[in-house]
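Residue 898 is where the sequence shown starts when you use this note's numbering, and the numbers rise one by one after that.
All C-beta atoms, glycine included, are put in the ideal place defined by N, C-alpha and C.
As the structure is a computational prediction, the values presented were derived from the model and not from experiment.
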Amino acid sequence: MNEIDVLIVVDAENALASNNLGSNVYLIDTNKYMGSGNEGQEELKTSCHDGQVINWHVTGVSLSSDVSILSFTGQMVNDKVCVPVAVNSINGTYWQGRVEAQGTTGGQQYSVVLELDGRSMTFDPFIEIS
């Protein structure tokens, strides 16, 4: 099974100014036409299968923005369906989790806690297990 990469792009300046991360975060994944939905929006639905690895990366629209992932919470983590951990690489830190569906199918919502220039903000995408 192929790994799935999810890219989180954040307009940190506007998110902080408006106090609204959801309208200023854009997600895409490497599934292309393989079933993910809502690409380019905050509530990406990443299509995945049991045993697949998902990698989350974050960047700011402006390269001067200090943006990082702090943690993951929500249904996906609480049910232990996927529990991402930080991975340090020569290209920076990203987060990785293996889907362990335990018979679960369908949508699992999760929250991504981001740090934007020292301030924590969250948004809530999904994984779709088939």
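How big is the Cα-Cα spacing for residue i and residue j?
{"i": "residue 967", "j": "residue 902", "result": "18 Å"}
{"i": "residue 1061", "j": "residue 1026", "result": "Given that the chain is displayed from residue 898 to residue 1027, the structure contains no residue 1061 and the question cannot be resolved."}
{"i": "residue 912", "j": "residue 906", "result": "12 Å"}
{"i": "residue 942", "j": "residue 910", "result": "25 Å"}
{"i": "residue 983", "j": "residue 974", "result": "14 Å"}
{"i": "residue 936", "j": "residue 1004", "result": "16 Å"}
{"i": "residue 931", "j": "residue 998", "result": "19 Å"}
{"i": "residue 919", "j": "residue 938", "result": "8 Å"}
Checking 9 Å against the spacing of the C-beta atoms, do residue i and residue j come in under that value?
{"i": "residue 965", "j": "residue 1012", "result": "yes"}
{"i": "residue 951", "j": "residue 995", "result": "yes"}
{"i": "residue 1014", "j": "residue 940", "result": "no"}
{"i": "residue 972", "j": "residue 1006", "result": "yes"}
{"i": "residue 915", "j": "residue 926", "result": "no"}
Please name the residue in the options whose C-alpha comes closest to that of residue i.
{"i": "residue 963", "options": "1016, 1023, 996, 970", "result": "1016"}
{"i": "residue 921", "options": "956, 1024, 984", "result": "956"}
{"i": "residue 899", "options": "945, 911, 919, 909", "result": "945"}
{"i": "residue 980", "options": "969, 990, 986", "result": "969"}
{"i": "residue 978", "options": "908, 925, 948", "result": "948"}
{"i": "residue 991", "options": "997, 976, 1009, 975", "result": "1009"}
{"i": "residue 924", "options": "904, 993, 975", "result": "904"}
{"i": "residue 988", "options": "976, 959, 954", "result": "954"}
{"i": "residue 908", "options": "999, 958, 1000", "result": "958"}
{"i": "residue 1000", "options": "985, 917, 976", "result": "976"}
Run through the DSSP bridge pairs and tell me what residue i is partnered with.
{"i": "residue 925", "result": "904"}
{"i": "residue 1025", "result": "944, 1004"}
{"i": "residue 951", "result": "901, 994"}
{"i": "residue 980", "result": "Residue 980 is not bridged to any residue."}
{"i": "residue 1018", "result": "1011"}
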